[in-house]
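Those protein sequence lines, which keep their order, are chains X and U. Following the numbering used here, the numbering of the first sequence begins with 19 at its first residue and continues without gaps. Following the numbering used here, the numbering of the second sequence begins with 3 at its first residue and continues without gaps. The C-beta atom is built at its ideal place from N, Cα and C for all residues, glycine as well.
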Amino acid sequence: MSKVTMAKSHLIGLVGDEDTCTAFLLGGIGELNNAREPNFLVVKKDTTIGEIESSLRKLLARKDIGILLINQHIANDVRHIIDGHTAAIPAVLEIPSKEHPYDSSKDSILRRAKGMFSVDEMR
Amino acid sequence: MGSGDKINVFPSRMILSVMKVRLKGAQKGHSLLKKKSDALTMKFRQTLKKIIDNKLVMGDVMKAVYFSLAEAAYSAGDITQTVIQNADKAQNKIKFQRDNVAGVQLTNFTMHTEGSDNYQLTGLGKGGQTVSRCKDTAQKALKLLVELASLQTAFITLDEAIKITNRRVNGIEYVIIPRFENTIAYVIEELDERDREEFYRLKKIQDKKKIIRAKQKKLADALTKKEADKAMSVDQPARSILEQQHDPDIMF
Chain X
19 MSKVTMAKSH LIGLVGDEDT CTAFLLGGIG ELNNAREPNF LVVKKDTTIG
69 EIESSLRKLL ARKDIGILLI NQHIANDVRH IIDGHTAAIP AVLEIPSKEH
119 PYDSSKDSIL RRAKGMFSVD EMR
Chain U
3 MGSGDKINVF PSRMILSVMK VRLKGAQKGH SLLKKKSDAL TMKFRQTLKK
53 IIDNKLVMGD VMKAVYFSLA EAAYSAGDIT QTVIQNADKA QNKIKFQRDN
103 VAGVQLTNFT MHTEGSDNYQ LTGLGKGGQT VSRCKDTAQK ALKLLVELAS
153 LQTAFITLDE AIKITNRRVN GIEYVIIPRF ENTIAYVIEE LDERDREEFY
203 RLKKIQDKKK IIRAKQKKLA DALTKKEADK AMSVDQPARS ILEQQHDPDI
253 MF
């Protein structure tokens, strides 16, 4: 038996490079909350890892974000935060970027499952 | 006796039956939990497979998104700044539903659209078609990503639930049930020993009684003989046997 749908809607957050952000913001997920804080972070060449970390932590702590998209190459830089995030919500989803195609061996989620069986077995 | 951990109880028959009932309960609980763990593990494996498949598809979908973005950038110019500045109200949001699978609450994300499109006017100047194509591709990609996120949350929740259930199964199997079994064995041993003690005691009493009776018989025989000799010489009325025999109280 499933429960009633939750009345609140949640946002899709995003931490990505310029192209990723442009693409998905066009898709209509960007929002500024009451404090004019965006639910996304555009990572440019000069964005420091510290900035990425603090933005990421803030986004993960926000209760109104259900899914957080993050480019895989950025995720590699802040791997320790992502591995430490064990709650089910927000769900952290690693997406490839234009220059860095998808690499399943670095994905946090699949690494958690490595204990059970190897990823290649499933293909 | 005293092998392993046991509950400290006073050994009695009632306690024995109570313990037996509790042991049965623990065994039933153990088999039910094991079934739950197996069901969860099966669902877990299925989810994992779906995740892996979806991630591969996602790789391709993202490539399509970047491609159409490049097209849009080519014809409409650099829209990055306009897009980022105009992000105000999200059009696509997600709702979550709770599903119950084998006793575990799983969250399911569904994307839904609300409000108007912020970017209707973007690219009207030039390359409008490519921009709206990029929009569509991005939205399709979002749908897929939302599905993927649902699978991922299910994965993590199932993982936690499986760990907890397995911990309980092992706890019952290796701690609780042996404890009950040891207690029952101890109580049975104590009861048997008590029975043996009772039996031994009764035997001892019987032996003692026998010895006493034998002694009394000897005494009585000796007395009757004396009386018989006396009666031979003097005529005396018959005596009642009851007068002579007197039962000493048996005291332990």
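Start and end residues, beta strand (DSSP E) containing residue i
| i | result |
| --- | --- |
| Ile158 of chain U | Looking at the DSSP string, Ile158 of chain U is not in any beta strand (DSSP E); the run it does join, the alpha helix (DSSP H), is Gly130 to Gly173. |
| Gly34 of chain X | Ser27 to Asp35 |
| Leu111 of chain X | Ala109 to Ile113 |
| Asp101 of chain U | Asn94 to Val103 |
| His114 of chain U | Val106 to Thr115 |
Cβ-based neighbour list, residue i, same chain, cut-off 8 angstroms, excluding 5 preceding and 5 following
| i | result |
| --- | --- |
| Val33 of chain X | Phe58, Leu59, Val61, Ile70, Ser73, Leu74, Leu77, Leu86, Leu87, Ile88, Asn89 and Ile92 |
| Leu18 of chain U | Ile186, Val189, Ile190 and Leu193 |
| Leu146 of chain U | Asn56, Val59, Met60 and Val63 |
| Tyr76 of chain U | Gly129 and Thr132 |
| His103 of chain X | Leu78 and Val110 |
| Thr167 of chain U | Leu35, Lys38, Ser39 and Leu42 |
| Ala74 of chain U | Ile81, Gly125, Gly129, Thr132, Val133, Arg135 and Cys136 |
| Arg100 of chain U | Gln107, Leu108, Thr109 and Asn110 |
| Ile164 of chain U | Ser39, Leu42, Thr43 and Phe46 |
| Phe157 of chain U | Phe46, Thr49, Leu50 and Ile53 |
Close-in-space but distant-in-sequence residues of the same chain around residue i (CB under 7 angstroms, 5 per side omitted)
| i | result |
| --- | --- |
| Lys95 of chain U | His114 and Glu116 |
| Asn94 of chain X | Lys124 |
| Ile178 of chain U | Ala28 |
| Ile127 of chain X | none |
| Arg141 of chain X | With a pLDDT of only 44 at Arg141 of chain X, under the threshold of 50, the placement of this residue in the model should not be trusted, and no figure is reported. |
| Asp101 of chain X | Ser126 |
| Ile107 of chain X | Gly84 |
| Arg255 of chain U | There is simply no residue 255 of chain U to check, as chain U begins at 3 and stops at 254 in what is shown. |
| Ser20 of chain X | Low per-residue confidence applies at Ser20 of chain X: pLDDT is 39, beneath 50, and the placement is therefore not dependable enough to give any value. |
| Gln154 of chain U | Ile53 |
Contacts that residue i makes with chain U (C-beta to C-beta distance below 7 angstroms)
| i | result |
| --- | --- |
| Ala109 of chain X | Ala151, Gln154 and Thr155 |
| Asp37 of chain X | Tyr68 and Leu71 |
| Ser122 of chain X | Lys57 |
Cβ shell of residue i (< 6 angstroms), same chain only, five flanking positions each side left out
| i | result |
| --- | --- |
| Phe111 of chain U | Ile96, Phe98, Val148, Ala151 and Ser152 |
| Ile252 of chain U | none |
| Ser66 of chain U | Correcting the residue type first, residue 66 of chain U is Ala in the shown sequence and not Ser. Taken in chain order, the residues that qualify are Thr139. |
| Val85 of chain U | none |
| Pro114 of chain X | Gln90 and Tyr120 |
| Ile47 of chain X | Ile30 |
| Ser70 of chain U | Arg135, Cys136 and Thr139 |
| Lys170 of chain U | Per the sequence presented here, residue 170 of chain U reads as Arg, with Lys not at that position. If we look at Arg170 of chain U and ignore the five residues flanking it on each side, its Cβ neighbours are Leu35. |
| Glu55 of chain X | none |
| Leu50 of chain X | Pro56 |
Extent of the continuous alpha helix (DSSP H) to which residue i belongs
| i | result |
| --- | --- |
| Thr185 of chain U | Ile179 to Ser235 |
Chain X contact residues for residue i, given Cβ-Cβ distances below 8 angstroms
| i | result |
| --- | --- |
| Ala104 of chain U | Here the premise fails: no neighbours, minimum Cβ distance about 12 angstroms. |
| Thr185 of chain U | None at all; the shortest Cβ gap to chain X is about 37 angstroms. |
| Gln141 of chain U | Gly45 and Gly46 |
| Gly61 of chain U | Pro114, Pro119 and Tyr120 |
| Thr159 of chain U | Ala106 |
| Ile166 of chain U | What Ile166 of chain U touches in chain X: nothing, since even the nearest Cβ is about 14 angstroms away. |
Chain U contact residues for residue i, given Cβ-Cβ distances below 9 angstroms
| i | result |
| --- | --- |
| Asp101 of chain X | Here the premise fails: no neighbours, minimum Cβ distance about 12 angstroms. |
| Arg80 of chain X | Near Arg80 of chain X there are no residues of chain U at all, since even the closest Cβ is about 13 angstroms away, more than 9 angstroms. |
| Arg130 of chain X | Phe157, Ile158 and Asp161 |
| Ile70 of chain X | Going along chain U, no residue has its Cβ under 9 angstroms from Ile70 of chain X, so there is no contact; the nearest lies around 17 angstroms. |
Chain-ordered neighbours of residue i on chain X, where CB pairs are closer than 7 angstroms
| i | result |
| --- | --- |
| Gln111 of chain U | Checking the displayed sequence, the identity of residue 111 of chain U turns out to be Phe instead of Gln. Residues of chain X passing the Cβ test: Gly84 and Ile85. |
| Val67 of chain U | Ala41 |
| Val148 of chain U | Ile85 |
| Lys137 of chain U | Leu44 and Gly45 |
Interface residues of chain U facing residue i [CB-CB closer than 8 angstroms]
| i | result |
| --- | --- |
| Ala93 of chain X | Those within 8 angstroms of Ala93 of chain X in chain U number zero; the least Cβ separation is about 13 angstroms. |
| Val60 of chain X | Ile86 |
| Ser27 of chain X | Lys95, Ile96, Lys97, His114 and Glu116 |
| Glu49 of chain X | Ala89, Asp90, Lys91 and Ala92 |
| Ile127 of chain X | Ile53, Gln154, Phe157 and Ile158 |
Beta-carbon neighbours of residue i, restricted to chain X and to distances below 9 angstroms
| i | result |
| --- | --- |
| Asp40 of chain U | By Cβ distance, chain X contributes nothing, its closest Cβ being about 14 angstroms from Asp40 of chain U, past 9 angstroms. |
When the Cβ atoms of the region 30-41 of chain U are set against those of the region 129-138 of chain U, are three or more pairs found closer than 8 angstroms? no
Unbroken stretches of the beta strand (DSSP E), 3 residues or longer, contained in the region 52-102 of chain X: 58-61 and 83-89
Check whether the region 97-111 of chain U touches the region 33-47 of chain X, taking contact to mean three or more Cβ pairs, one atom from each stretch, closer than 8 angstroms. no
Chain A contacts from the region 83-98 of chain U (Cβ-Cβ distance under 7 angstroms): Given the protein chain composition of this structure (X and U), no chain A is represented.
The region 3-20 of chain U touching the region 175-187 of chain U, judged by at least three CB pairs closer than 8 angstroms: yes
In chain order, which alpha helix (DSSP H) runs of at least 4 residues are fully inside the region 39-91 of chain U? 82-87
Indicate whether the contact test is met: 3 or more Cβ pairs, each with one atom in the region 105-121 of chain X and one in the region 57-76 of chain U, closer than 8 angstroms. yes
So, does the region 199-213 of chain U touch the region 14-29 of chain U, judging by three or more C-beta pairs under 8 angstroms? no
For the region 40-52 of chain U against the region 207-224 of chain U, are there 3 or more C-beta pairs whose distance is under 8 angstroms? no
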